[in-house]
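Dropping the structure here:
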């Protein structure tokens, strides 16, 4: 495809469509948002204010705008000044920056309308275009976006490359459609994303001059955090004056015109028509792949780039599909399906009672829980950051509570269905204080312990899994950027966290509670990874189950005969009652072998509060060791995990003395700052000696109780 009338002549001006996208996720720390505001958002706007004749386009997510309105008013007001004088065009989008394609359509429209109405109310403008979170595009979007009042959207030029167009020849905007609903699509230049602000303004200008021969306009809109938050960029952009010099270069170049997207849309015809395939930005597609496939793709890219026309051919290489993050990380998939169930229930309830304040508040929390950041992982931490997952989970738990109050749902109940789309039935149990999800197909393990009064999921522990970049981390070893080093995030591989390489390991099972097994009579017990030493492991075994409910008490009885061929009957009964925030687990083993059994029965619990070695988070054990501590103790009958910051204590208590081993679950991941180790939760292994003659039985009971203590902040 080419633009109508062919390429521009040398005497024609090139239009540069420039802007930034600012966002902070639900659950992020206030001090992080404040620092981003002071180091990037405000100084960028302040320097832009010095250039009143330089148009720009800005998208700021609704959650960040709300924060700025309440806690960063001078930045909020400065943005309003730039909009009021017609210098800045605002983009709308999903209010809480969700991945739009995976939401029900009513939530797509609702989130866009919420941000559009916020911008109209506070800035007096009604946006025509929108920012698509993470540029995750699926072909069904044009129709619902037009129904939301959107005229144009921005995606990467890589999307166009996958449709067969050459990014080196792209310019202007294109039209696409779905069921006759047309939408303008502007391609963001990847080359410009990598030049700005990492190279001198003259190098960017040289690229624009070269593209002037073939393009009418070029687009660059990228993360505002790269202008002050990314490592080294604050010094470069402001202390060394890069941003001011960049703006000066733009305004003094007579063959360059900087414009807003609406102005370009009104003045020019489309460059052509296009149907874009499912895509996100290039790096996102690579991150969505399984680790082995991602490494294969990296090797293929190196081979292709070595060819004479490798850069052009490389544009046709693609990574994975964003939705496969939901396969790659089962913990994320559970979040997604919980969100979907709530969305449908709230939508149906609002259809019956459209003005119910509790339902509308539930919907607001639901939308907050749809924020994209905890649903994927790449360079930016994402689902590897516990506080981001916690922010999303808290929003969904709160939405569920409000929904129950509004619909007068029975506080005690259970259901059996496929809750996460894996083809297996899970059992969901609800009490006034707790929501539990149990997995018969995974040894009766427990993957959700949502405590409603604090909106906290105590089982939210991310498993350790291979990532494609782990091989590069091992090869690189401990490193440190030079202070003056400024790189695009995608080139950084600095190991910042002491001991990060020491904890690089992988889990056999998803981290859960009630992972059980039979172990030899003696030998080391590893709280973190015990299963290779076990003789019988239940974590991947399908257990029979039945549910007993009396209204005030619900029990699910799991049973399995002859696990792994052993002559053993295992029964595990999980019970909850209406009046207490407790989970009672009763084990019964019956030995049907012909010789005496001597061994140890062990149960692993993986629990998460709000920190590891942070102050006031500790085990209720001698010396009050931090939750990031590792240890072993004999003859124990209980252990407590205390989080004074949130005002919560979780206690495990049992009858017969047991050996207790505990260890931190730590992952190794990439972030903007480099490679770091992240505390995900606490792994506790309880082991009892078991000696049984043929026909004998062994029984034990564990009770998890949740108590509020102290004052939460």
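Numbering (this note's numbering), first residue to last: 237 to 949.
C-beta atoms are modelled at their ideal positions from N, C-alpha and C, and glycine is treated no differently.
Assuming residue 743 is part of the alpha helix (DSSP H), what are its boundary residues? Stepping through the chain shown from its first residue, residue 743 is reached at position 507. Segment: none, residue 743 is in no alpha helix (DSSP H) and carries neither H nor E.
I need the straight-line Cα distance from residue 413 to residue 356, nearest angstrom please. Translated into the one-based positions of the chain shown, residue 413 becomes position 177. Translated into the one-based positions of the chain shown, residue 356 becomes position 120. Cα-Cα distance, rounded: 27 Å.
With contact counted as at least three CB pairs below 8 Å, one residue from each stretch, are the segment 815-834 and the segment 900-909 in contact? no
Three CB pairs or more closer than 8 Å across the segment 260-274 and the segment 296-305: yes
Once DSSP output is grouped into helix, strand and coil, what is the label at residue 249? Counting from 1 along the chain shown, the entry for residue 249 is found at position 13. Reduced to three states, the DSSP call for residue 249 is coil.
Leaving out five residues on either side along the sequence, give the residues of the same chain with a beta carbon under 7 Å from the beta carbon of residue 319. Here the question's residue 319 lines up with position 83 in the chain shown. The answer, listed in chain order, is 326, 359 and 361.
Classify residue 573 as helix, strand or coil using the three-state DSSP reduction. The residue given as residue 573 occupies position 337 in the chain shown. Of the three classes helix, strand and coil, the one that applies to residue 573 here is helix, per DSSP.
What three-state label does DSSP hand residue 706 in the structure shown? Sequence index remark: in the chain shown, residue 706 carries index 470 (1-based). Residue 706 falls in the helix class under three-state DSSP.
Where does residue 440 land, buried or exposed, given buried means 16+ other C-beta within 10 angstroms? Taking the chain shown and counting its residues from 1, one reaches residue 440 at position 204. It is buried - the Cβ of residue 440 has at least 16 other Cβ atoms within 10 Å.
Consult DSSP for residue 520 and reduce its assignment to one of helix, strand or coil. Locating residue 520 in the chain shown gives position 284, counting from the first residue. Of the three classes helix, strand and coil, the one that applies to residue 520 here is helix, per DSSP.
How many angstroms separate the CA atom of residue 530 from the CA atom of residue 523? For the purposes of this step, residue 530 is taken as the residue at position 294 of the chain shown. For the purposes of this step, residue 523 is taken as the residue at position 287 of the chain shown. Near 7 Å, if we compare the C-alpha coordinates of residue 523 and residue 530.
Segment limits, beta strand (DSSP E) that includes residue 872: Counting from 1 along the chain shown, the entry for residue 872 is found at position 636. Residues 867-879.
Put residue 820 into one of helix, strand or coil per three-state DSSP. In the chain shown, the residue the question calls residue 820 occupies position 584. Here residue 820 sits in strand by DSSP.
Shortest alpha-carbon distance to residue 925 belongs to which of 936, 915, 931 and 855? Position 689 of the chain shown, counted from the start, is the residue given in the question as residue 925. Closest by alpha carbon: 936.
Simplified DSSP assignment, three categories, for residue 378: As a working note, residue 378 is residue 142 in the chain shown. Of the three classes helix, strand and coil, the one that applies to residue 378 here is helix, per DSSP.
Considering only C-alpha positions, which residue in the set 366, 886 and 384 is nearest to residue 457? If you number the chain shown from 1, residue 457 lands on position 221. The residue with the shortest Cα to Cα distance from residue 457 is 366.
Which residue from 480, 351, 704 and 757 puts its Cα closest to that of residue 186? Here the chain comprises residues numbered 237 to 949, so residue 186 is not present and cannot be evaluated.
Quick one: give me the first and last residue of the beta strand (DSSP E) that residue 233 is part of. The chain is shown only over 237 to 949; residue 233 falls outside these bounds and no answer can be derived.
Residue 473 vs residue 483 beta-carbon contact at 8 Å: For the purposes of this step, residue 473 is identified with residue 237 of the chain shown, where counting begins at 1. For the purposes of this step, residue 483 is identified with residue 247 of the chain shown, where counting begins at 1. No. Outside cutoff.
When the Cα atoms are used, what is the spatial distance from residue 756 to residue 772? Within the chain shown, the letter at position 520 stands for residue 756. Within the chain shown, the letter at position 536 stands for residue 772. Straight-line Cα distance between these residues: approximately 10 Å.
First and last residue of the beta strand (DSSP E) that includes residue 662? Here residue 662 refers to the residue found at position 426 of the chain shown. First-last of the beta strand (DSSP E) with residue 662: 662-666.
Can you tell me where the beta strand (DSSP E) holding residue 349 begins and where it ends? By 1-based counting over the chain shown, the position of residue 349 is 113. Not the beta strand (DSSP E): residue 349 falls in the alpha helix (DSSP H), residues 341-359.
beta-carbon residue 809 near the ligand HEM non-hydrogen atom, thresh 7 Å: This structure lacks the ligand HEM, and indeed carries no ligand of any kind.
So which of 575, 521 and 528 has the shortest CA-CA distance to residue 552? Start at 1 with the first residue of the chain shown, and residue 552 comes out as number 316. Looking at the Cα atoms, 521 is the closest of the given residues.
Cβ-based burial, residue 220 [other Cβ within 10 Å; buried from 16]: Since the displayed the chain opens at 237 and closes at 949, residue 220 lies outside it and no answer follows.
Leaving out five residues before and five after residue 840 in sequence, what residues of the same chain have Cβ atoms less than 6 Å from its Cβ? On the chain shown, residue 840 is found 604 positions in, with the first residue counted as 1. If we look at residue 840 and ignore the five residues flanking it on each side, its Cβ neighbours are 751 and 921.
Quick one: is residue 265 buried, meaning 16 or more other Cβ sit within 10 Å of its Cβ, or exposed? Counting from 1 along the chain shown, the entry for residue 265 is found at position 29. Residue 265 comes out exposed.
Roughly how many angstroms separate the alpha carbons of residue 469 and residue 653, rounded to a whole number? Residue mapping note: residue 469 aligns to position 233 of the chain shown, counting from 1. Residue mapping note: residue 653 aligns to position 417 of the chain shown, counting from 1. Roughly 50 Å separates the two Cα atoms.
Pick from 434, 647 and 678: whose alpha carbon is nearest that of residue 471? Numbered from its first residue, the chain shown carries residue 471 at position 235. Nearest option by C-alpha distance: 434.
Within the same chain, show all residues whose beta-carbon is closer than 6 Å to that of residue 308, passing over the 5 residues directly before and after it, in chain order. Translated into the one-based positions of the chain shown, residue 308 becomes position 72. Here the set comprises 273.
Using the DSSP secondary-structure output, state which residues sit across from residue 752 in a beta bridge. Walking along the chain shown from the start, residue 752 turns up at place 516. DSSP output for residue 752 lists 839 as bridge partner(s).
Excluding the 5 residues flanking residue 601 on each side, which residues of the same chain have their C-beta closer than 6 Å to its C-beta? Walking along the chain shown from the start, residue 601 turns up at place 365. Apart from the 5 residues on each side of it in sequence, residue 601 sits with its Cβ closer than 6 Å to the Cβ of 631, 634 and 635 in its chain, given in chain order.
Is it true that the CB of residue 796 sits closer than 8 Å to the CB of residue 825? Taking the first residue of the chain shown as 1, we reach residue 825 at position 589. Taking the first residue of the chain shown as 1, we reach residue 796 at position 560. It is not a contact, given that the beta carbons lie outside the stated cut-off.
Distance, Cα to Cα, residue 477 vs residue 424? Reading the chain shown from its first residue, position 241 is the one you call residue 477. Reading the chain shown from its first residue, position 188 is the one you call residue 424. One C-alpha to the other measures close to 25 Å.
Could you tell me if residue 622 is buried or exposed, where buried requires 16 or more neighbouring beta carbons within 10 angstroms of its beta carbon? Within the chain shown, the letter at position 386 stands for residue 622. Buried, by the Cβ-count rule.
Helix, strand or coil, according to DSSP, for residue 941 in the structure here? If you number the chain shown from 1, residue 941 lands on position 705. Look at residue 941 here: in three-state DSSP terms it is strand.
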